[in-house]
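Once you know that position 218 of the sequence shown is 218 in UniProt numbering, the rest is easy, because the numbers rise by one and skip nothing. Even for Gly, the Cβ is constructed at its ideal location relative to N, Cα and C. From a predicted model like this one, the values you see are computed outputs, not experimental measurements. Beneath this line is the structure, given in structure tokens, with notes to follow.
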Amino acid sequence: MIEANALTKRYGATTAVDQLTFTAHAGRVTGFLGPNGAGKSTTMRLVLGLDTPDAGTVLVDGVPYRRLKDPLRTVGAMLDATWRHPGRSGRNHLRWLAAANGLPDRRVDEVLALVGLTSVAGKRVQQYSLGMQQRLGIAAALLGDPRVLLFDEPVNGLDPEGMAWIRELLHTLAAEGRTVFVSSHLLPEMAQTAQDLVVIGRGRLIYQGTMDDFVARTSEHGVRVRTPHAERLRAALTGQAEFTETGDVFVVSGLDSDRIGQLAFDAGATLHELSPISGTLEQAYLDLTREAVEFTGAEATR
Ligand SMILES: Nc1ncnc2c1ncn2[C@@H]1O[C@H](COP(=O)(O)OP(=O)(O)OP(=O)(O)O)[C@@H](O)[C@H]1O
Numbered sequence: 001m002i003e004a005n006a007l008t009k010r011y012g013a014t015t016a017v018d019q020l021t022f023t024a025h026a027g028r029v030t031g032f033l034g035p036n037g038a039g040k041s042t043t044m045r046l047v048l049g050l051d052t053p054d055a056g057t058v059l060v061d062g063v064p065y066r067r068l069k070d071p072l073r074t075v076g077a078m079l080d081a082t083w084r085h086p087g088r089s090g091r092n093h094l095r096w097l098a099a100a101n102g103l104p105d106r107r108v109d110e111v112l113a114l115v116g117l118t119s120v121a122g123k124r125v126q127q128y129s130l131g132m133q134q135r136l137g138i139a140a141a142l143l144g145d146p147r148v149l150l151f152d153e154p155v156n157g158l159d160p161e162g163m164a165w166i167r168e169l170l171h172t173l174a175a176e177g178r179t180v181f182v183s184s185h186l187l188p189e190m191a192q193t194a195q196d197l198v199v200i201g202r203g204r205l206i207y208q209g210t211m212d213d214f215v216a217r218t219s220e221h222g223v224r225v226r227t228p229h230a231e232r233l234r235a236a237l238t239g240q241a242e243f244t245e246t247g248d249v250f251v252v253s254g255l256d257s258d259r260i261g262q263l264a265f266d267a268g269a270t271l272h273e274l275s276p277i278s279g280t281l282e283q284a285y286l287d288l289t290r291e292a293v294e295f296t297g298a299e300a301t302r
């Protein structure tokens, strides 16, 4: 479990993390979302004791990182997958990490197998593709068999196969009872990966809860209806619900599909389609973060 309580970090005049309180639970994949500059990387660094908070606390399985007796056995992280040790092989990189942290050498081969790098373990990391570097970063995070895992943008630059592999791995790690805390800018990918969400904007919490509840908040709800009898349907819906009309397609909000079907039937309007529109993570996210976006599109393109 990761528990942040009123966590605050300032850099000069910038408050990167502002009174942030959230919990990432064991046995769940928690997605960490926020616009650029919202404070995600800073938060992850605070969790890992790489930075000191100005106020508040963050605990990893009940203990501040710096007081953990065996940090690598408690928490593993992949913050910057492109960091590498030029000239060293993947296996030697992990051996070096294991030795520095008092972990058994045999664990190196176990994690190499776990991430599918056994056959290239002797190759120099310089020659690794981005996908292989990501896998090596994940292997390093898993080295101490930790209960808590943090991944910053683990699918960045990966092909669909690589993304599917990471998704599967994160699900497995959570199913084993671990806490998995992961940031990503790829919302459709996150929608398939995370069960819980922590969303921040300008360093502050704007949502904490389940993915399902978050998506249910979206304004993109309604029912799509297609009819050759637009006039009859329009008359039936007027005063009963809000709707938009484009050709023979109506998008109705405020009534469920059972009720719309009944109204259409009573009005003698044949329906060729009656389908609820479910919200997407992307829509819910855009709705919620609109005001919290630090750099608007206009500013970002300057
Ligand atoms: N070492 C630092 N010195 C000064 N300012 C910093 C430092 N690290 C972060 N910041 C500032 O703190 C804010 C939060 O940055 P952070 O990198 O945590 O955001 P982020 O959500 O990870 O962004 P991105 O999605 O772009 O990676 C930004 O305004 C950033 O410029």
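- Within its own chain, the residues whose Cβ lies closer than 6 Å to the Cβ of glycine 203, once the five positions on either side in sequence are excluded, are Thr15, Ala16, Val17, Asp18 and Gly39, listed in chain order.
- Straight-line measurement puts the Cα of aspartate 145 at about 10 Å from the Cα of alanine 139.
- Fewer than three Cβ pairs drawn from the region 213 to 231 and the region 47 to 57 lie within less than 8 Å of each other, which leaves the two stretches out of contact.
- Nearest Cα to tryptophan 165 within the set Leu117, Asp70, Gly268 and Arg178: Leu117.
- DSSP places serine 129 in the coil class of the three-state scheme, outside both helix and strand.
- Classified as exposed, leucine 50 has fewer than 16 neighbouring CB atoms from the shown chains inside 10 Å of its CB.
- Under the three-state reduction of DSSP, aspartate 248 is assigned to coil, being neither helix nor strand.
- In the three-state DSSP reduction, threonine 238 falls in the coil class, being neither helix nor strand.
- DSSP places asparagine 5 in the uninterrupted beta strand (DSSP E) bounded by 2 to 11.
- A direct Cα-to-Cα measurement between aspartate 105 and glycine 12 gives close to 43 Å.
- For glutamine 262, the uninterrupted alpha helix (DSSP H) segment begins and ends at 257 to 266.
- For alanine 267, the closest alpha carbon among the candidates Gln283, Arg232 and Glu242 is that of Arg232.
- Rounded to whole angstroms, the separation of the alpha carbons of methionine 211 and leucine 281 is 8 Å.
- Beta-bridge analysis with DSSP links phenylalanine 243 to Val252.
- Proline 228 sits exposed, since fewer than 16 C-beta atoms from the chains shown fall within 10 Å of its C-beta.
- Per the DSSP secondary-structure output, proline 64 pairs with nothing in a beta bridge.
- Secondary structure within the region 10 to 64: the alpha helix (DSSP H) runs of 4 or more consecutive residues, fully enclosed, are 40 to 47 (chain order).
- Taking a C-beta distance under 8 Å as the contact criterion, serine 184 and valine 155 qualify as a contact pair.
- At least one heavy atom of ligand 1 falls within 7 Å of the beta-carbon of glycine 39.
- Non-local C-beta neighbours of alanine 24 in its own chain, meaning closer than 6 Å and more than five positions away in sequence, comprise Ile2, Thr30, Thr179 and Phe181, ordered along the chain.
- Taking non-hydrogen atoms of ligand 1 into account, the C-beta of glycine 34 is found less than 7 Å away from one of them.
- Taking C-beta atoms as the reference points, histidine 272 and arginine 224 fail to come closer than 8 Å.
- Note that the C-beta distance between methionine 44 and alanine 141 is not below 8 Å.
- Contact between valine 47 and valine 58 holds: their C-beta atoms lie close to 5 Å from each other, under 8 Å.
- For threonine 42, the shortest separation between its Cβ and any heavy atom of ligand 1 lies below 7 Å.
- Between histidine 171 and leucine 136, the CB-CB gap reaches or exceeds 8 Å.
- When the five nearest sequence neighbours on each side are left out, the beta carbons in the same chain lying within less than 8 Å of the beta carbon of aspartate 159 are those of Gly131, in order along the chain.
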